[in-house]
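Single-structure report; data block below.
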Amino acid sequence: MVSPVEVACATACVAGVKIATSRPRYAKRRGAYSVECDDAERADGSVKVWRNADHEGFHVQPFAKCDTVYSTFEYAVKVNGNRPALGERDVVETIKTVANDGREVEKLKLGGYKWLTFNQAHARVKSIASGLVDLAGLKPQDKVIIYADTKRDWQLTAQACFRMNLTVVTIYATLGEDGVRHGINQTQATVVVCDGKLLKTLTKVAKDCPTLKHVVTMGEPEQKSIDALPKSVFQTSLDEVAEIGTRKPMDARPPKPSDIAVLMYTSGTTGAPKGVMLNHDNVCATMSGLKDAGDFCNKDVYLAYLPLAHIMEMAAETLMLALGAAIGYGSPQTLTDTGLKLAPGTRGDAPTLRPTFMVFAPAVLDRVRQAVQAKFAGAKPLLKKLINAGLQAGRRDFEAGKIGAPFFFNALIFKKVQKLIGGRVRVMISGSAPLSRETQIFMQTCFRCPVRQGYGLTETGSCGTIAQFDDYSPTVGQVLTSVRVALRDWEEGGYRIADEKNAAIGMPRGEILIGGPVVCQGYFNAPHMPDPELDAKNTSEFSTIAGVRYFHTGDIGQFTRDGQLMIIDRKKDLVKLQQGEYVALSKVENVLKQCPYVGMAMAYADSNHSHCIAVVVVNEAPVLKFAAAKGIAGDITALCANPAVIKEVSTACITACASGKLVSFETPKSYILTAEPWTPDNDLVTAAFKLKRPQIVAHFKSELTRAYGSA
1 MVSPVEVACA TACVAGVKIA TSRPRYAKRR GAYSVECDDA ERADGSVKVW
51 RNADHEGFHV QPFAKCDTVY STFEYAVKVN GNRPALGERD VVETIKTVAN
101 DGREVEKLKL GGYKWLTFNQ AHARVKSIAS GLVDLAGLKP QDKVIIYADT
151 KRDWQLTAQA CFRMNLTVVT IYATLGEDGV RHGINQTQAT VVVCDGKLLK
201 TLTKVAKDCP TLKHVVTMGE PEQKSIDALP KSVFQTSLDE VAEIGTRKPM
251 DARPPKPSDI AVLMYTSGTT GAPKGVMLNH DNVCATMSGL KDAGDFCNKD
301 VYLAYLPLAH IMEMAAETLM LALGAAIGYG SPQTLTDTGL KLAPGTRGDA
351 PTLRPTFMVF APAVLDRVRQ AVQAKFAGAK PLLKKLINAG LQAGRRDFEA
401 GKIGAPFFFN ALIFKKVQKL IGGRVRVMIS GSAPLSRETQ IFMQTCFRCP
451 VRQGYGLTET GSCGTIAQFD DYSPTVGQVL TSVRVALRDW EEGGYRIADE
501 KNAAIGMPRG EILIGGPVVC QGYFNAPHMP DPELDAKNTS EFSTIAGVRY
551 FHTGDIGQFT RDGQLMIIDR KKDLVKLQQG EYVALSKVEN VLKQCPYVGM
601 AMAYADSNHS HCIAVVVVNE APVLKFAAAK GIAGDITALC ANPAVIKEVS
651 TACITACASG KLVSFETPKS YILTAEPWTP DNDLVTAAFK LKRPQIVAHF
701 KSELTRAYGS A
């Protein structure tokens, strides 16, 4: 028998089909996307400020009278009561096998999605909220840490905290013992809501955390991990907490807009994680700005798989809930049918859910592109010609302002590619790092939907700019309705507002400042753990211009005449070479990623040399193919040290640099190859897959020294 929830979900899914399968068309905008603010909002000639062209004031509420995350969720429940809200897949069976290298590998058989309606989700939120307060005696603005992978109970627990005016403290599942210890001790949290499989890590630091009293577990933790907790720390399952709340219901304690909603620890590319304080005002302004930027609605289906401890995912899910869309939870390891953790014959999350909207980190999109290209490379000659013709047609259509390839190529070739993620995705948004132009064109051609970039930071609630669906420019788009974006002269780097008067440049340039109600309340600096560096950052990285609070991003940008923001450099990524030229490391890395042999790359330079070098995580399939063609034996690790392979990859990288119009001093002269992926687990990238440069440099210190010595 089909349940009403499944019927409602099916209705929501069917409603999106026409949008997702017909070729999308968006009328080209007339006029600028963003405009300069009037003189009253400018400072001096060294700063210029832009706003959304369609809205003069700040939009701060997603819906009328929704000025907190709590009131917004209550509104969504009232409007969408029996519609599907949050879906999750049951684990039917866990299969444990042993890999060739002796490691134990876990494979999962997963069922279909099972849904909670908004009313059902609301009931569980109320139960968890009452249970948490009863269990731990929590008071308004007390802090509750969530230390878990993205899942339905993560979102439900967060909403429960908002209901009782508790501050949600987010800690990445990949942060490690030091980060977890730092988060608990700095916030003095008494409660940690923990993923069962992460309890093992928590038990290792619990003895060092004197304020910790309660661990609430999601899922089924191992008994030995429970037994390893100090006797002063009590373990309770989330289901037990909900049962307590059902027996002892409490009224909501509605927060004020100025109350802190989230203390979000950044994954941090350097040093200890920083806790960014976002109040309810900040989060609601974020929802409002993002809501105005798209045509999302309660018929959309969103696939949630990125870390909820990251601002991009939290912003996306909070917005989808507010709009009444259905959110289905998955994971990066089970996303597609080829997911590493899926048992044979089990469908991936995306083809099972068939979402209409997905958010990606650029590193994930790059890997999807490489995987699709690898499949295309194995096609028979005639089909390969058709594929290349289709890709060329898609590129021409992209440049002409159209989405996807023409019908013939889409029906014959790309329809199968689209089914990898369900066949109904109508919008892809990329954020957290720059997306290469080549990847954007390739993905939009193959998946026949707008692939657009957004720009924002944790400190700005993820808000800043986003490219509209009719905008095909190589920019991060239009200023959102809840922010202002300013450019400020950076004399040392040679970026100035006055560059718009330079005929060779023609655009104002400078450091990007993001301002408005989305800007956080600063970095959390605990009185019992004073940190002078955080005090300094709270002073130096925030400022007020014409009464508006701004965050200094450290990124360098320029505005086009149509009011689109372009990210062109980053202050911390600029290295001055021996002869005085500046090289932008991230610019070099984005070009290197266009080489088919490159999976990930880090450019490196210092002021004692006149050129840069690069460390490359190789893309395994093309390297193995080259080696086989040349009769070179060995596994991928051995091949990375083979002179012929190094020469081939280096030559291809130099060609990519030339195609990307890098000048001589920007083009790496030496290349260090590695087969080891850079992941949050080995601490070489953040959870958002941003490079941790100091850690990578330390990891490859001897190789980098040798490379400079031999170049």
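Here the UniProt record's numbering is used: position 669 in the sequence shown is 669, and no number is missing along the way.
From the three backbone atoms N, C-alpha and C, an ideal C-beta is built for every residue, glycine too.
Bear in mind the structure is a predicted one, so any value in this text is a computation, not a measurement.
- The Cβ-Cβ distance between residue 445 and residue 369 does not fall below 8 Å.
- Following the DSSP letters along the chain, one finds residue 650 inside the alpha helix (DSSP H) bounded by residues 643-659.
- The beta carbon of residue 680 lies closer than 6 Å to those of 174 and 687 in the same chain, with the five residues before and after it left out.
- The beta-carbon separation of residue 203 and residue 225, rounded to 5 Å, stays under the 8 Å limit for a contact.
- Under DSSP, residue 478 takes part in a beta bridge, and its partners are 466.
- The residues 451, in chain order, have a CB closer than 7 Å to that of residue 440 in the same chain once the five nearest residues on each side in sequence are set aside.
- Here DSSP, grouped into helix, strand and coil, assigns residue 315 to helix.
- The distance from the Cβ of residue 653 to that of residue 614 is about 7 Å, consistent with a contact at the 8 Å cut-off.
- Apart from the 5 residues on each side of it in sequence, residue 410 sits with its Cβ closer than 7 Å to the Cβ of 404 and 448 in its chain, given in chain order.
- Closest by C-alpha distance to residue 508, out of 231, 25, 49 and 167, is 49.
- The closest CA to that of residue 571, considering only 247, 582, 564 and 554, is found on 554.
- Residue 70: member of the alpha helix (DSSP H) spanning 69-80, first to last residue.
- Within the region 541-600, the runs of beta strand (DSSP E) that reach at least 3 residues and sit entirely inside it are, in chain order, 542-545, 548-559, 565-570, 574-576 and 582-584.
- Residue 594 places its beta carbon less than 8 Å from that of residue 438.
- Only residues of its own chain outside the window of five on either side were considered, and among them 118 and 122 have a CB closer than 6 Å to the CB of residue 77, listed in chain order.
- In the three-state DSSP reduction, residue 209 falls in the coil class, being neither helix nor strand.
- Residue environment: residue 137 is assigned as exposed (fewer than 16 neighbouring CB atoms within 10 Å of its CB, all protein chains considered).
- Nearest C-alpha to residue 407 among 303, 611, 393 and 419: 393.
- At a cut-off of 4 residues, the continuous stretches assigned as alpha helix (DSSP H) that sit fully inside the region 114-197 are 118-136, 152-163 and 176-187.
- If only uninterrupted beta strand (DSSP E) runs of at least 3 residues are considered, those enclosed by the region 285-360 are 301-304, 326-329 and 357-360.
- Sorting 298, 335, 333 and 334 by C-alpha distance to the C-alpha of residue 317 places 298 at the top.
- The region 665-679 and the region 690-704 touch, with three or more beta-carbon pairs separated by less than 8 Å.
- The C-beta distance from residue 70 to residue 255 rounds to 6 Å, short enough to fall under 8 Å.
- Contact check for residue 401 against residue 273 fails: the beta carbons are separated by 8 Å or more.
- In this structure residue 346 is in contact with residue 108, their Cβ atoms being roughly 7 Å apart against a cut-off of 8 Å.
- Here DSSP, grouped into helix, strand and coil, assigns residue 256 to coil.
- A distance below 7 Å between beta-carbons, with the five flanking residues on each side excluded, links residue 422 to the following residues of its chain, in chain order: 350, 351, 353, 354 and 355.
- For residue 462 against residue 315, the beta-carbon gap comes to about 4 Å, under 8 Å, which counts as contact.
- Classified as exposed, residue 382 has fewer than 16 neighbouring CB atoms from the shown chains inside 10 Å of its CB.
- Secondary structure note for residue 625: its alpha helix (DSSP H) is the uninterrupted segment 620-630.
- With distances taken between CA atoms, residue 610 lies nearest to 576 out of 618, 621, 617 and 576.
- Per DSSP, the beta-bridge partners of residue 50 are 36 and 485.
- Considering only 428, 432, 513 and 86, the residue with the shortest C-alpha distance to residue 442 is 428.
- Of all alpha-carbon atoms in 249, 294 and 128, the one lying nearest the alpha-carbon of residue 218 is that of 128.
- Of 389, 359 and 497, the smallest CA-CA separation from residue 432 is found for 359.
- Residues of the same chain with a CB within less than 8 Å of the CB of residue 605, apart from the 5 flanking positions on each side, are 575, 577, 583, 585, 611, 612 and 613 in chain order.
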